[in-house]
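For the protein sequence lines, the chains are A and B, in the order given.
In terms of numbering that gives the first Met the number 0, the first sequence is residues 0 to 328.
In terms of numbering that gives the first Met the number 0, the second sequence is residues 0 to 328.
2 protein chains.
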Amino acid sequence: MRLDELGEFGFLGRIWPRLRGPDSGVVLGSGDDAAVLAFGEGAYLLVSTDAMVEGRHFRREWLTPEQIGYRAGAAALSDLAAMGGRARGLLASAALPPEMAAEEAEALMEGLDSAASAAGCCLVGGDLTASPGLIFLDVVVVGETVRYWPRSGAQAGEAVLLTGDVGRSAAGLAWLEAGRGMESLPEALRERFLTPQPAFDMVEAVHPLGVVTSAIDISDGLLGDLRHVAEASGVQLSIEADRIPIAEETRVVADRLGLDPMALALGSGEEYEIAFTVPADAVGRVLAAVGEAGARAVTVIGRARAGQGVVVEGAEGLKEGYDHFSRRS
Amino acid sequence: MRLDELGEFGFLGRIWPRLRGPDSGVVLGSGDDAAVLAFGEGAYLLVSTDAMVEGRHFRREWLTPEQIGYRAGAAALSDLAAMGGRARGLLASAALPPEMAAEEAEALMEGLDSAASAAGCCLVGGDLTASPGLIFLDVVVVGETVRYWPRSGAQAGEAVLLTGDVGRSAAGLAWLEAGRGMESLPEALRERFLTPQPAFDMVEAVHPLGVVTSAIDISDGLLGDLRHVAEASGVQLSIEADRIPIAEETRVVADRLGLDPMALALGSGEEYEIAFTVPADAVGRVLAAVGEAGARAVTVIGRARAGQGVVVEGAEGLKEGYDHFSRRS
């Protein structure tokens with residue numbers, strides 16, 4: 000069977016059970032936003048990698064090398080936020096075309112460092128090699144936490160929360176793909192596209208409460224990512240469509256392009272917002288903590304209940320149509 | 000300036016001083032075999048990445064997918080050994096052609112897991128994406144130590160030691176490049192080429208003595224790698240050519256191919272042996288510890304003295320180390 004027939008998740012489901020290396024203090028291996036290793040007394044090491052290939056994850060005609068670096072760094076760092084972690088360091092492996100200008104390669108690294116800097120850490124290493132053509136970039140992030148947020152801890156009755164709003168990234172992408180320029184893209188969408196901000200502000204505010212039972216970052220689309228949580232936790236997540244926060248600019252752009260803003264919101268990857276669950280009686284404390292810290296808004300979008308999968312109440316027609324968003328590999 | 004004019008090390012020398020992310024407990028950033036971060040009380044986290052591109056670092060016509068995975072894993076893990084570390088986990092990011100057979104991709108992962116397993120850890124995560132053509136592989140290794148071995152600690156008067164022997168990998172490569180098959184390659188060379196063994200056996204035996212002042216793994220060639228140590232430590236390393244251990248099989252193959260075995264020994268990358276320095280009066284204890292543990296042989300090959308660079312006494316025709324962007328070597 001070819002890899003593209005099996006798909007990323009199909010492949011991972013097949014390979015992981017067959018591996019046989021000894022457990023060396025691994026708390027969580029594959030299948031979450033980051034691997035978790037016990038490290039010292041009461042501390043967990045978080046480590047995650049994000050591979051990106053030119054043409055698939057970014058295009059040099061849309062982004063400067065610094066922007067490519069920043070986005071790649073933010074994408075990787077967001078996995079640490081989704082685990083309830085603090086960033087400790089970023090490493091970048093790059094295969095670059097030998098004819099690339101050194102200034103461009105430097106700008107790429109500076110973009111990565113800017114993303115690290117915004118998350119409170121720095122570029123601590125990496126590897127550099129020659130690529131016969133395209134840019135290949137692998138960003139490795141290392142973090143720590145005293146209490147990690149898995150995908151698997153959601154329980155029936157709990158509330159599902161989401162940081163910020165979703166849909167901006169897909170709206171921006173659709174705008175660019177329609178041949179409209181980056182300059183004419185509304186500011187709020189351009190910002191999300193060029194300089195996404197991993198939700199460490201929420202983590203810092205909410206983590207001390209000790210109430211988060213599961214979390215995931217929205218990198219493949221809200222619907223697809225929530226499905227991972229539902230599956231890992233063995234619950235159904237019931238989402239109310241009219242509670243999903245969508246920015247006014249997303250609606251405007253969707254309207255101009257003839258797209259459904261709800262479809263964008265459910266399918267938009269690369270948002271780097273975090274969906275998480277907490278016991279229903281903790282919602283008030285979470286919202287208060289976020290407000291006091293001045294962190295980005297957090298919205299209750301639904302709840303967990305017995306069952307499986309994700310149900311979006313009020314957008315039933317869309318659920319089927321946008322199934323493919325969760326199958327991107 | 001193009002990247003290939005500047006070279007890998009030239010580029011790194013230019014970019015690192017310009018980065019500005021905050022120090023987040025980083026003990027050693029770029030410029031060593033692994034980044035070192037303070038992690039908990041008296042423990043150091045080691046993390047390193049190794050990027051590999053098909054055609055440059057491996058060829059599918061010479062190696063099975065499992066062998067490619069094993070070699071890539073061993074190469075990355077060797078960086079942890081060179082830091083005096085213990086392996087804790089391995090992550091693999093891969094960009095693979097969609098038409099690749101899933102069985103081949105699985106074999107690649109199994110090879111990586113075998114290398115991890117041999118080093119006492121396992122594959123704990125990674126990322127998988129589609130490549131438009133070639134295989135790109137980035138292997139991330141995580142380790143720990145209570146006392147790390149930098150490149151920068153060698154002092155004048157100390158002894159330079161080397162594990163195992165060098166030259167086998169380059170001899171094997173030359174054999175294959177000459178169109179002679181893997182089957183006819185002498186066993187000792189085939190083994191080094193297909194299943195290199197990071198020198199964790201030496202690390203386990205010698206680390207408890209607390210005498211190692213600097214270390215590096217031989218991934219770019221003995222001469223080039225020793226130059227890194229000399230530069231980082233601010234000393235000259237004086238090596239005696241006739242003390243450099245070269246396997247009999249390396250000499251035989253060199254002879255058949257009309258190559259100089261000493262040139263192979265000095266320039267051979269991908270050996271994954273470790274060169275390290277200790278105070279002269281600790282040499283006896285090191286050799287005894289290695290012998291008692293049944294670890295691979297360790298040989299004194301020279302000494303550190305005031306000055307700079309590397310001098311190989313008895314082999315003045317020197318071969319450059321390997322630079323991934325340079326066309327010189």
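For every residue, glycine included, the Cβ atom is placed at its ideal position computed from N, Cα and C.
| Residue span of the alpha helix (DSSP H) that contains A:Glu230, given as start and end | Unbroken alpha helix (DSSP H) run through A:Glu230: 221 to 232.
| Contacting residues, own chain, Cβ-Cβ under 7 Å from B:Trp61 (five flanking each side not counted) | Setting aside the 5 residues that flank it on each side, B:Trp61 is surrounded in the same chain by Leu175, Met181, each with a C-beta closer than 7 Å to its C-beta; the list follows chain order.
| said: Within a Cβ cutoff of 6 Å, which residues of the same chain sit near B:His323, ignoring the five residues on either side of it in sequence? | reply: Per-residue confidence for B:His323 stands at a pLDDT of 48, beneath the threshold of 50, marking its modelled position as unreliable; no derived number is given.
| What is the rounded straight-line gap between the Cα of B:Gly313 and the Cα of B:Gly266? | Approximately 15 Å, taken between the alpha carbons.
| Going straight from the alpha carbon of B:Pro185 to that of B:Phe10, what length do you get? | Near 39 Å, if we compare the C-alpha coordinates of B:Phe10 and B:Pro185.
| request: For chain B, find out if any of its Cβ atoms is closer than 8 Å to the Cβ of A:Ile14; answer yes or no. | output: At least one chain B Cβ lies under 8 Å of A:Ile14.
| task | Please report how far the alpha carbon of A:Val251 lies from the alpha carbon of B:Thr63, in whole angstroms. | result | So the alpha carbons of these two residues sit roughly 53 Å apart.
| For the segment 36 to 49 of chain B, which residues have a CB atom closer than 8 Å to at least one CB atom of chain A, in sequence order? | For the segment 36 to 49 of chain B, the set of residues with a beta-carbon nearer than 8 Å to any beta-carbon of chain A comprises Leu36, Phe38, Gly39, Glu40, Ala42, Leu44, Val46, Ser47, Thr48, Asp49, in chain order.
| Sheet register partners of A:Phe38 (DSSP bridge) | In the DSSP output, where bridge partners are listed per residue, A:Phe38 has none listed.
| query | What does a CB cutoff of less than 8 Å around B:Glu103 pick up in its chain, not counting 5 residues either side in sequence? | reply | Here B:Glu103 has Pro64 as same chain residues with Cβ atoms under 8 Å from its own Cβ, once five neighbours each way along the sequence are excluded.
| request: Could you work out which residue in A:Met82, A:Ala42, A:Gly268, A:Leu122 is closest to A:Gly72 when comparing CA atoms only? | output: Measuring from the Cα of A:Gly72, the nearest candidate turns out to be A:Leu122.
| query | How many angstroms separate the CA atom of B:Glu53 from the CA atom of B:Leu90? | reply | Near 18 Å, if we compare the C-alpha coordinates of B:Leu90 and B:Glu53.
| message | Using the three-state DSSP reduction, which class does B:Gly51 fall into: helix, strand or coil? | response | A quick correction: the sequence has Met, not Gly, at residue 51 of chain B. The answer is strand: DSSP assigns B:Met51 an E or B state.
| message | For B:Leu133 and B:Ser92, I'd like the C-alpha separation in whole angstroms. | response | One Cα belongs to B:Leu133, the other to B:Ser92, and the distance between them is close to 14 Å.
| request: For B:Val25, go through chain A and note every residue whose CB falls closer than 7 Å to its CB, in chain order. | output: Per Cβ cutoff of 7 Å: Gly88, Cys121, Val123.
| field | Terminal residues of the alpha helix (DSSP H) in which B:Asp254 lies | value | 247 to 256 is the span of the alpha helix (DSSP H), which, as asked, contains B:Asp254.
| How would you label B:Ser77, buried or exposed, when you count the other beta carbons within 10 angstroms and need 16 or more for buried? | Answer is buried; the Cβ neighbour count reaches 16.
| request: Assuming B:Arg150 and B:Arg167 form a contact by the criterion Cβ under 8 Å, report the distance between their Cβ atoms to the nearest whole angstrom. | output: B:Arg150 to B:Arg167, Cβ: 24 Å. No contact.
| field | Segments assigned alpha helix (DSSP H), at least 4 residues, entirely inside the segment 92 to 124 of chain B | value | 101 to 117, all fully within the segment 92 to 124 of chain B.
| message | Given a cut-off of 8 Å on the beta-carbon distance, is the pair A:Arg304 and A:Leu208 in contact? | response | Between A:Arg304 and A:Leu208, the C-beta spacing is not below 8 Å.
| request: Use the C-beta contact count for A:Ser183: other C-beta atoms within 10 angstroms, 16 or more gives buried, fewer gives exposed. | output: Classification for A:Ser183: exposed.
| field | Start and end residues, alpha helix (DSSP H) containing A:Ile215 | value | Looking at the DSSP string, A:Ile215 is not in any alpha helix (DSSP H); the run it does join, the beta strand (DSSP E), is 213 to 216.
| task | List the residues of chain B whose Cβ lies closer than 7 Å to the Cβ of A:Ser92, in chain order. | result | Close to A:Ser92, with beta-carbon spacing below 7 Å, are these residues of chain B in chain order: Thr48, Ala50, Asp137.
| task | Using DSSP bridges, identify the partner residues of B:Gly88. | result | DSSP output for B:Gly88 lists B:Val141 as bridge partner(s).
| On the three-state DSSP scale, how would you describe A:Leu62? | Looking at A:Leu62 - three-state DSSP - the assignment turns out to be coil, as it is neither helix nor strand.
| Any chance the segment 230 to 248 of chain A sits against the segment 290 to 302 of chain A, with 3 or more Cβ pairs inside 8 Å? | Segments in contact, yes.
| request: Confirm, please, whether the CB-CB distance from B:Gly41 to B:Ala145 is below 8 Å. | output: The sequence shown places Val at residue 145 of chain B, rather than the Ala named in the question. For the pair B:Val145 and B:Gly41, the CB atoms are nearer than the 8 Å cut-off.
| field | Within chain A, the residues that B:Thr194 reaches when beta carbons sit closer than 7 Å | value | Residues of chain A whose Cβ lies closer than 7 Å to the Cβ of B:Thr194 do not exist; the shortest such Cβ separation is about 16 Å.
| task | Could you name the residues that DSSP lists as bridge partners for B:Ser237? | result | According to DSSP, B:Ser237 bridges with B:Arg302, B:Val310.
| request: Return the chain-ordered ranges of every beta strand (DSSP E) run that is complete within the segment 125 to 174 of chain B and spans a minimum of 3 residues. | output: As for any beta strand (DSSP E) of minimum length 3 sitting wholly inside the segment 125 to 174 of chain B, the runs are 135 to 144, 158 to 162, ordered along the chain.
| Residues within the segment 190 to 224 of chain B neighbouring chain A, beta-carbon criterion of under 7 Å | The residues in question: there are none.
| request: Decide if B:Pro195 is buried, meaning its Cβ has at least 16 other Cβ atoms within 10 Å, or exposed. | output: B:Pro195 is buried by the Cβ-count criterion.
| First through last residue of the alpha helix (DSSP H) which encompasses A:Phe57 | Neither: A:Phe57 is in no alpha helix (DSSP H) and is coded neither H nor E.
| request: Return no unless some Cβ of chain B is closer than 8 Å to the Cβ of A:Arg58. | output: Not an interface residue.
| chain A within 8 Å of B:Met261, Cβ atoms only | No, because no Cβ of chain A sits closer than 8 Å to the Cβ of B:Met261.
| When DSSP labels each residue in this structure, what does B:Arg295 get in the three-state scheme? | In the displayed model, B:Arg295 falls within coil according to three-state DSSP, outside both helix and strand.
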